[in-house]
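Enquirer:
See below:
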């Protein structure tokens with residue numbers, strides 16, 4: 001068991017170290033978290049992700065799902081931007097768990113502007129999504145492993161030379177170790193690992209209101225950029241238990257490929273296994289937004305509803321909701 005956990009840890013660290021801090025990444029919609037419970041805990045969720053929604057955090061957590069599970073999430077993002085996701089999972093018994101998932105971001109319509117004309121009267125939009133499948137299984141009675149394969153796509157407004165879109169592919173891998181001491185769990189995940197992507201088509205390079213011509217060519221090809229790969233490692237456990245009351249603590253270290261290392265901490269208090277109150281904070285964010293988070297959860301048997309509030313800093317507050325159903 002320890003050897004398996006060590007292998008997964010070494011693999012995640014090597015891959016993250018090899019490609020980390022390469023500069024600006026694309027497909028940034030993949031960085032926006034889905035599942036209001038996770039957000040309310042400050043995204044300290046690598047070890048707490050379980051069931052259907054785990055496909056967005058740590059695919060190994062899918063192995064904790066039972067029967068059929070469904071998940072729906074929506075984020076009220078800034079400037080009317082719409083972001084959400086859905087997933088469905090099925091328990092195969094001794095053969096593990098499988099799931100399919102989708103998440104997407106739509107900018108809403110806005111007026112296109114160009115160098116020549118700031119008011120074109122043409123409405124355009126940006127749209128990006130991922131769709132994929134996950135498999136997870138317990139390799140021992142304590143350790144589970146999960147992997148997700150996904151197709152990625154971005155669609156930008158067309159320029160003077162035609163449509164601009166990006167196709168890509170990604171891989172998520174994760175491990176989860178569960179103990180019998182206070183439900184202590186250790187989770188590891190490497191998200192959005194994959195080859196660089198490149199926008200289709202070409203563009204004009206403008207300088208001082210004129211098109212730049214290089215080697216008798218006025219057009220330029222778009223450059224490649226990497227996916228927003230991220231390594232996350234976390235630990236969680238029950239800090240306090242009494243009749244009808246439970247307090248869970250979680251801590252994560254997140255190392256994104258284009259940002260500083262973040263430290264996430266979260267607390268969840270559960271009353272009568274019905275109502276959950278949450279608070280979390282992300283330390284180390286250099287954008288000074290979405291650091292403080294809080295939320296609430298309601299458990300009504302097979303139906304679980306979660307809400308999270310995030311402090312936008314110098315931007316407006318962000319509200320997120322999610323719904324989980326099990327059969």
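Residue numbers (UniProt numbering): 1 to 327. Ideal Cβ positions, reconstructed from N, Cα and C, are used throughout, including at glycine.
#1: I'd like to confirm the pairing. Which residues does DSSP put opposite residue 88 in its beta bridges?
#2: Using the rule of at least 16 other Cβ atoms within 10 Å of the residue's Cβ for burial, across every protein chain shown, is residue 114 buried or exposed?
#3: Label residue 318 either buried or exposed according to how many other C-beta atoms from any shown protein chain fall within 10 Å of its C-beta, with 16 as the threshold for buried.
#4: Distance, Cα to Cα, residue 289 vs residue 259?
#5: With a CB to CB cut of under 7 Å and the five nearest residues on each side skipped, what residues in its chain are close to residue 25?
#6: Between the stretch 60 to 67 and the stretch 262 to 276, do three or more beta carbon pairs fall short of 8 Å?
#7: Alpha carbon to alpha carbon, how far is residue 233 from residue 352? Give it in angstroms, no decimals.
#8: Quick one: give me the first and last residue of the alpha helix (DSSP H) that residue 262 is part of.
#9: Mapping DSSP to helix, strand and coil, what is residue 53?
#10: Quick one: what's got a C-beta closer than 6 Å to residue 184's C-beta in the same chain, skipping five residues either side?
#11: Identify every residue that forms a DSSP beta bridge with residue 167.
#12: Between residue 262 and residue 284, is the Cβ-Cβ spacing less than 7 Å?
#13: My guess is that residue 173 and residue 147 are in contact by the Cβ rule of under 8 Å, so how many angstroms apart are they, rounded?
#14: Ignore the nearest five residues each way along the sequence and tell me which others in residue 328's own chain have a CB closer than 7 Å to its CB.
#15: Could you check if residue 252 is buried or exposed, using at least 16 other CB atoms within 10 Å of its CB as the buried criterion?
#16: Under 8 Å by Cβ, that's how I've got residue 295 and residue 307 pegged, so tell me the actual separation to the nearest angstrom.
#17: Can you list, in chain order, the residues of its chain whose CB lies under 7 Å from that of residue 327, leaving out five sequence neighbours each side?
#18: Ignore the nearest five residues each way along the sequence and tell me which others in residue 105's own chain have a CB closer than 6 Å to its CB.
#19: Would you mind working out which of 102, 169, 76 sits nearest residue 88, comparing C-alpha positions?
#20: Could you spell out the range, first to last residue, of the alpha helix (DSSP H) harbouring residue 37?
#21: In the DSSP assignment, find the beta strand (DSSP E) that holds residue 241 and state where it starts and stops.
Expert: Quick answer:
#1: By 1-based counting over the chain shown, the position of residue 88 is 88. 70, 100.
#2: The residue given as residue 114 occupies position 114 in the chain shown. Classification of residue 114: exposed, given that the 10 Å Cβ count is below 16.
#3: The residue given as residue 318 occupies position 318 in the chain shown. Burial call: buried.
#4: Taking the chain shown and counting its residues from 1, the one referred to as residue 289 is at position 289. Taking the chain shown and counting its residues from 1, the one referred to as residue 259 is at position 259. Residue 289 and residue 259 have their C-alpha atoms spaced approximately 13 Å apart.
#5: Position 25 of the chain shown, counted from the start, is the residue given in the question as residue 25. Closer than 7 Å at the Cβ level, and outside the excluded window around residue 25, lie 225, 226, 227, 228, 257, 258.
#6: Contact check between the stretch 60 to 67 and the stretch 262 to 276: fewer than three CB pairs, one atom from each, fall below 8 Å, which does not count as touching.
#7: In this structure the chain extends from 1 to 327, so residue 352 is not present and cannot be described.
#8: Taking the chain shown and counting its residues from 1, the one referred to as residue 262 is at position 262. It is not in any alpha helix (DSSP H) - residue 262 instead sits in the beta strand (DSSP E) that spans 262 to 271.
#9: Here residue 53 is taken as the residue at index 53 of the chain shown, counted from 1. Helix at residue 53.
#10: Position 184 of the chain shown, counted from the start, is the residue given in the question as residue 184. Contacts found: 237.
#11: Reading the chain shown from its first residue, position 167 is the one you call residue 167. Answer by DSSP bridge pairing, in chain order: 153.
#12: In the chain shown, the residue the question calls residue 262 occupies position 262. In the chain shown, the residue the question calls residue 284 occupies position 284. A Cβ-Cβ contact shorter than 7 Å links residue 262 with residue 284.
#13: Translated into the one-based positions of the chain shown, residue 173 becomes position 173. Translated into the one-based positions of the chain shown, residue 147 becomes position 147. Correct: roughly 5 Å between the Cβ atoms.
#14: The displayed coordinates of the chain run from 1 to 327. Any statement about residue 328 would go beyond what the structure contains.
#15: Here residue 252 refers to the residue found at position 252 when the chain shown is read from its first residue. Under this definition residue 252 is a buried residue.
#16: Locating residue 295 in the chain shown gives position 295, where the first residue counts as 1. Locating residue 307 in the chain shown gives position 307, where the first residue counts as 1. About 6 Å separates the two Cβ atoms, so the contact holds.
#17: Walking along the chain shown from the start, residue 327 turns up at place 327. Result list for residue 327: 67, 68, 302, in chain order.
#18: Walking along the chain shown from the start, residue 105 turns up at place 105. Result list for residue 105: 29, 83, 128, in chain order.
#19: Taking the chain shown and counting its residues from 1, one reaches residue 88 at position 88. Checking every option, the nearest Cα to that of residue 88 belongs to 102.
#20: Here residue 37 is taken as the residue at index 37 of the chain shown, counted from 1. Boundaries of the alpha helix (DSSP H) harbouring residue 37: 36 to 40, taken from the DSSP string.
#21: Indexing the chain shown from 1 puts residue 241 at position 241. Here the beta strand (DSSP E) through residue 241 covers 230 to 242.
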